[in-house]
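Encoded as structure tokens, the structure appears first; notes follow it.
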Amino acid sequence: MSVIARSVGNALRNKVRTSAVVVILAVAIGLALSMLVANQAVAAKVTSLKASVGNNLTVNPAGARGGIGGGEPLTGGDVAKASAVPHVTSVTGSLTARLSNAAAATDAAAAGTTGAAGGPGGRMGASGTTSLTSAVDPGTLGNRQNSSSGTTTGGTGNAARPSFTIPVSATGISGSLTAAGEAINVTSGSDLNDFSDASTQALVGTTLAEKNSLQVGSTFTVQDRTMTVAGIFDAGTAFDNNAIYVSLAAAQTLLDQAGEISTMTVTVDSIENVDATKTAVAAALGTTRVDVTSGGQNLESAVSSLGTVQNISLIGFIAALITAGLIVLLIMIMVVRERRREIGVLKAIGASNRTIGVQFVLEAMVLVVMGSVVGAVVAAVSSNSIVSALVAGNTTTSTTTGGRFRGTGTGAPQAIGEAAAGGVPGGGNFGGGAFAGANQLIGTISTSVGWQTLVLGVVGILVIAAVGALVPALLTAKVRPIEVLRGE
Amino acid sequence: MLEVRDVVKVFKTGDNTIKPVNGISFTVEQGTFAAILGKSGSGKSTLLSLLGALDKATSGDVVVDGVNISALPDAKLTAYRRDDIGFVFQAYNLIPNLSAKDNVMLPMEFAGLSRAERSSRAAELLVQVGLEEDMHDRKANKLSGGMAQRVSIARALANNPKLILADEPTGNLDDETGELIIDLLRSLSHEKNTTILVVTHDHALAAKTDRKFRLARGRLTEEPVRAAHLH
Ligand SMILES: Nc1ncnc2c1ncn2[C@@H]1O[C@H](COP(=O)(O)OP(=O)(O)OP(=O)(O)O)[C@@H](O)[C@H]1O
Ligand SMILES: [Mg+2]
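If you read the protein sequences in the order shown, they are chains A and B. The working numbering puts the first residue of the first sequence at -1, with every later residue one more than the last. The working numbering puts the first residue of the second sequence at 26, with every later residue one more than the last.
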């Protein structure tokens, strides 16, 4: 009979006690594993949140967002100033304009109205023309905004207004990122690669391309220049797809806004420095001249509340592990006391201290392995609700919208889109509740267990159990073989 | 050959000092079957524990086949108990959840014998002490007293020891079974040329031994063996 078989046999010797110990161990180990799963799930979530939002700041002229508002435009000089701020790794500028359909604009002019163009708020105003037809119909919202715009213009009461079209958003960029610092999702064709002011390349949104029957290689006009479709992109929403991207220099030339920039995207070296850099950039450019926003505002609160969850779950994991270790320690001390005489017998017939110690550690391991198997089942059942409870209990900071959890895996990206809406070209605040809150950003945390997590958990448990079993095993060395003659 | 020279064991309990073994010397030839008699508390078990290296003598030497075990370090004492000594106890002291055969295999496992060797030798020994095959796999705690003591004798023989120390091996057995056990020990000592020291209260059993010692007030005296067993 081998040492292992003997240890298994010894572990099962007192079946009632063994069952009780296994149940207690299973609870502690199950809790430890759940905490570990929660910790890993939250850590993974934090990483993906950070990666998805990035370390970007968006700089707009004070009082302006995309096509609405007022103030003075940013310039190339501002780009240089922002670049000089510490922790800034890169600065890209973009210029957004609203292009109205050339034919419709002519009609409106012919009808003798100024339309919406050039209204004081510039609300539905267009700063250029294109041959493209907008992919978005005015609908109720468009007509209402157009008419209210007209009213504030000191308009003409109930007079019927001429039909109009929603402008197409055009953004001049100098790289492959949007004004919000996100990669443009080009679905066919290729990214822009000619960023000169004579460039005729353009990226067209899917719905806009469809509406105007454009394909890669097709042409259309912006102002007086004939542009060629280099690629078609999908930004995911009907609003964002009613847009085109051209080179920044070309946009500045075509729109006669030389050197002007409507939005700057500042990339910060790390998420930790975003806050400080935000203040520094605003100071460098003049706080009254620019508005600096970070898409990471919600992210920060999301990350910090998730950080709390991460800490709690880590402490929980360690505490549950220590508890498991203590249970093993106490049980094995009890077992050693109970079997003093037997230990004496083993020594009398020639067992070394090491042999006996190993046997007791193995016996403890048998208990722990049984506890782990049952505990893993406990963890599998309970970890999801533990994560939910932990996250729900620690993220009650900013709720602006209803559901705490979206219940779908796409919750986070959607929320990020909204949170970053301030910087989406021409997006203004049309995007709805712009800051949807940290909770939505957190979205759903999935608790699928990776094998690394399991291995880590099991190794942790075995190490703690071994430590717990070591003390009683060492106690066996103190049992003297003479014990065997006691009480005879 | 077992040689004991002026062995003393002192116990200190509080301000009391007891000397159950106080300057004992004797020599027994290899293969001798000897009895140690004495009243309860006279120090018989204490003397046995010193001979079997279960405890250390306060002073004096125990020499087994020329090796002075009083001078051995602890690690060597483990090996000494394993290879040179066999113990038989009044309460058998088998590992209760192991089978008869597994109990006998245990000292051989500690000695590093292969599984096959252990198994065949254990079976052989069990048959020698009078345990039929069908009893070999029975759990130790399911054996009768006589059977358990036979198994413990087989276990004591496992590593071919030079010396077997038996502390009241018949104490828990009825007279008839006790007699069978004593007969078994006696024949084994002669067959295997193993020195066997038996502590006993039973004069009738002591009469079957080759030599007889009496322990009283810490001293050991040899008594003449009556000619009874010669006929
Ligand atoms: N560890 C110890 N500490 C103190 N005193 C002890 C210890 N072990 C034994 N003694 C004492 O030594 C004396 C001899 O004990 P021992 O067990 O050797 O007697 P014994 O002859 O075997 O008796 P019994 O026939 O009852 O088994 C007793 O008085 C006992 O109380
Ligand atoms: Mg005794």
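All C-beta atoms, glycine included, are put in the ideal place defined by N, C-alpha and C.
Distance between N99(A) and K209(A), taken at the CA atoms: about 13 Å. By the Cβ rule, the stretch 123 to 139 of chain B counts as touching the stretch 175 to 189 of chain B, because three or more pairs are nearer than 8 Å. Rounded to the nearest whole angstrom, the CA to CA distance from I61(B) to M368(A) is 50 Å. Around the Cβ of Q450(A), a 10 Å sphere holds fewer than 16 other Cβ atoms; the residue is exposed. In the DSSP assignment, Q199(A) falls outside any alpha helix (DSSP H) and within the unbroken beta strand (DSSP E) covering 199 to 203. At a cut-off of 8 Å between beta-carbon atoms, A346(A) makes contact with chain B. Apart from the 5 residues on each side of it in sequence, V53(B) sits with its Cβ closer than 8 Å to the Cβ of M26, L27, A59, T220, L222, R236 in its chain, given in chain order. At a beta-carbon threshold of 7 Å, none of the residues of chain A lie near S145(B); the nearest stands roughly 15 Å away. DSSP, reduced to helix, strand and coil, places I354(A) within a helical segment of the structure shown. Remark: C-beta atoms of A249(A) and A168(A) approach each other more closely than 8 Å. Residue selection by CB proximity (closer than 6 Å to any heavy atom of ligand 1) returns E486(A), F36(B), T38(B), I43(B), P45(B), G63(B), S65(B), G66(B), S67(B), G68(B), K69(B), S70(B), T71(B) in chain order. In this structure, K81(B) lies away from L240(B), with their beta-carbon atoms at least 8 Å apart. It is roughly 11 Å from the alpha-carbon of V364(A) to the alpha-carbon of V326(A).
Scanning chain B for C-beta atoms nearer than 8 Å to the C-beta of G7(A) yields N122, L123, reported in chain order. In this structure, ligand 2 has a non-hydrogen atom nearer than 7 Å to the beta-carbon of D192(B). In its chain, beyond the 5 residues on either side, F51, A59, A60, I61, L62, L245, T246, E247, E248 have a beta carbon closer than 8 Å to the beta carbon of F238(B).
Check the Cα spacing between L360(A) and each of L483(A), V453(A), V465(A): the tightest is with V465(A). In the displayed model, A42(A) falls within a helix according to three-state DSSP.
Your pair L23(A) and V366(A) checks out as a contact, with CB atoms roughly 6 Å apart and the cut at 8 Å. Contact note: T219(B) does not reach chain A at a C-beta cutoff of 8 Å; the least C-beta distance is about 16 Å. Taking the beta carbon of E340(A) as reference, the chain B residues within 9 Å of it are N118, I120, P121, listed in sequence order. By the rule that beta-carbons nearer than 8 Å mark a contact, A136(B) touches chain A. Closer than 8 Å to the CB of T16(A) there is not a single CB belonging to chain B. At a cut-off of 3 residues, the continuous stretches assigned as beta strand (DSSP E) that sit fully inside the stretch 272 to 321 of chain A are 288 to 292. In the DSSP assignment, N239(A) falls within the alpha helix (DSSP H) that extends over 236 to 239. Straight through space, the alpha carbons of R15(A) and R180(B) are spaced by roughly 30 Å. The bridge partners DSSP lists for Y243(A) are T169(A), L201(A). Residue burial is scored here from C-beta neighbours: F36(B) has fewer than 16 other C-beta atoms within 10 angstroms and is therefore classed as exposed. Looking at the backbone, the Cα of V32(B) and that of K476(A) are separated by about 25 Å. Rounded to the nearest whole angstrom, the C-alpha separation of H215(B) and D208(B) is 11 Å.
Excluding residues up to 5 positions away in sequence, N99, T163, K209, N210 lie with their Cβ nearer than 8 Å to the Cβ of T131(A) in the same chain. Secondary-structure assignment with DSSP links E54(B) through no beta bridge to anything. Annotation for T38(B): no residue places its beta carbon closer than 7 Å to its own, counting only its chain and skipping 5 residues before and after.
Residue state for T83(B) is assigned as coil, using DSSP reduced to three classes. Rounded to the nearest angstrom, the Cβ distance from I182(A) to I459(A) is 48 Å, too far for a contact under 8 Å. DSSP, reduced to helix, strand and coil, places K237(B) within a strand of the structure shown.
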